[in-house]
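Take any residue in the sequence shown, note its place counting from 1, add 419, and you have its number in this note's numbering.
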Amino acid sequence: MNVKENYQQIRSNIEEICQRCGRNPDDIHIIAVTKYVSVDRANAALEAGVIHIGENRDEGLNMKHEELGEKATWHFIGSLQTRKVKQIIEKVDYIHSLDRLSLAIEINKRATKPIKCFIQVNVSGEESKHGISPGQVAQFVDELKQFEFIEIVGLMTMAPFTEDTKIIRTCFRKLKELQLEIQALSQLNAPCNELSMGMSNDYKIAIEEGATFIRIGTALVGNESRGV
Ligand SMILES: *Cc1c(COP(=O)(O)O)cnc(C)c1O
Numbered sequence: 420m421n422v423k424e425n426y427q428q429i430r431s432n433i434e435e436i437c438q439r440c441g442r443n444p445d446d447i448h449i450i451a452v453t454k455y456v457s458v459d460r461a462n463a464a465l466e467a468g469v470i471h472i473g474e475n476r477d478e479g480l481n482m483k484h485e486e487l488g489e490k491a492t493w494h495f496i497g498s499l500q501t502r503k504v505k506q507i508i509e510k511v512d513y514i515h516s517l518d519r520l521s522l523a524i525e526i527n528k529r530a531t532k533p534i535k536c537f538i539q540v541n542v543s544g545e546e547s548k549h550g551i552s553p554g555q556v557a558q559f560v561d562e563l564k565q566f567e568f569i570e571i572v573g574l575m576t577m578a579p580f581t582e583d584t585k586i587i588r589t590c591f592r593k594l595k596e597l598q599l600e601i602q603a604l605s606q607l608n609a610p611c612n613e614l615s616m617g618m619s620n621d622y623k624i625a626i627e628e629g630a631t632f633i634r635i636g637t638a639l640v641g642n643e644s645r646g647v
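So this is what it looks like as structure tokens:
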């Protein structure tokens, strides 16, 4: 496991894909998902040039933030229990999992500065997946108008766990279409310029379909619980 080599490989893949589909590589931000690795690996990612760190649990976020705080931009990417908001809110720059009004109320109550939020959308409709259904997003964005500390920077989704790239691509494409619908509302609280989609196994497809934040764990920093 060489984090620096992995990072350079991912960067070069991004350049190649962007060239092929006429996108600017500067528009693609890599989030190193460090939930399966130590602080040392997270630090190695930062030293390799990574700017964004993502964690899906409050414990992991707090542990890494304590050591590396100022050196990174912090993303909370996992499903977020309302009662955990106060434990992370001062540390995060982005929350990728806004999926219900009660969570928005709590974020707005605890935040002392605007929080960049992604609305998590369950595009695939799988029951096991978090997120609101595509048809409810516009109404949710409207309800979020009342919260001064919530800025809807974009939409987030997780593709189904499958080898079938057509299913994955369709999922990402639908999130892009939904983004255009939300942007067309021109709501001040929801510029919605970003798309958080793509992980180790599907980030290339995600970039082809318009991702601006890709969340990469295993392929970048490895997974120490699996010995890689
Ligand atoms: C773990 C996780 C990732 C990264 O997964 P890998 O397959 O290891 O790249 C991305 N997004 C979310 C929401 C995750 O929980």
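Just so you know, even glycine gets a beta-carbon here, dropped at the ideal spot from N, CA and C.
Let me check understanding here. Comparing Cα to Cα, which of the options lies closest to residue i?
| i | options | result |
| --- | --- | --- |
| residue 395 | 603, 541, 637 and 554 | Here the chain comprises residues numbered 420 to 647, so residue 395 is not present and cannot be evaluated. |
| residue 547 | 529, 580 and 515 | 580 |
| residue 537 | 525, 550, 529 and 515 | 515 |
| residue 605 | 632, 557 and 567 | 557 |
| residue 465 | 526, 476 and 453 | 453 |
| residue 527 | 488, 553, 608 and 590 | 608 |
| residue 623 | 420, 426, 425 and 435 | 435 |
| residue 593 | 429, 574 and 582 | 574 |
| residue 535 | 496, 500 and 553 | 496 |
| residue 564 | 523, 502, 492 and 586 | 523 |
| residue 443 | 582, 629, 634 and 642 | 629 |
| residue 476 | 493, 460, 467 and 489 | 493 |
Let's see if you can read the secondary structure: which residues bound the beta strand (DSSP E) around residue i?
| i | result |
| --- | --- |
| residue 474 | 471 to 474 |
| residue 367 | As displayed, the chain neither begins before 420 nor continues past 647, which places residue 367 out of reach and without an answer. |
| residue 539 | 534 to 539 |
Would you check if the distance between the CB atom of residue i and the CB atom of residue j is smaller than 8 Å?
| i | j | result |
| --- | --- | --- |
| residue 612 | residue 560 | no |
| residue 640 | residue 422 | yes |
| residue 451 | residue 433 | no |
| residue 455 | residue 617 | no |
| residue 533 | residue 597 | no |
| residue 603 | residue 619 | no |
| residue 498 | residue 448 | no |
What residue range is occupied by the uninterrupted alpha helix (DSSP H) comprising residue i?
| i | result |
| --- | --- |
| residue 484 | 477 to 487 |
| residue 559 | 556 to 562 |
| residue 516 | Premise fails: residue 516 lies in the beta strand (DSSP E), 513 to 517, not in any alpha helix (DSSP H). |
| residue 640 | 637 to 640 |
| residue 647 | Neither: residue 647 is in no alpha helix (DSSP H) and is coded neither H nor E. |
| residue 425 | 422 to 440 |
| residue 505 | 504 to 507 |
| residue 521 | 520 to 529 |
Can you check DSSP and say which residues form a bridge with residue i?
| i | result |
| --- | --- |
| residue 565 | Paired residue(s): none; residue 565 is not in a bridge. |
| residue 492 | 471 |
| residue 551 | 540 |
- Message: Could you tell me which whole beta strand (DSSP E) segments of length 3 or greater appear in the stretch 573 to 622?
- Response: Counting whole runs of 3 or more residues, the stretch 573 to 622 contains the beta strand (DSSP E) stretches 613 to 615.
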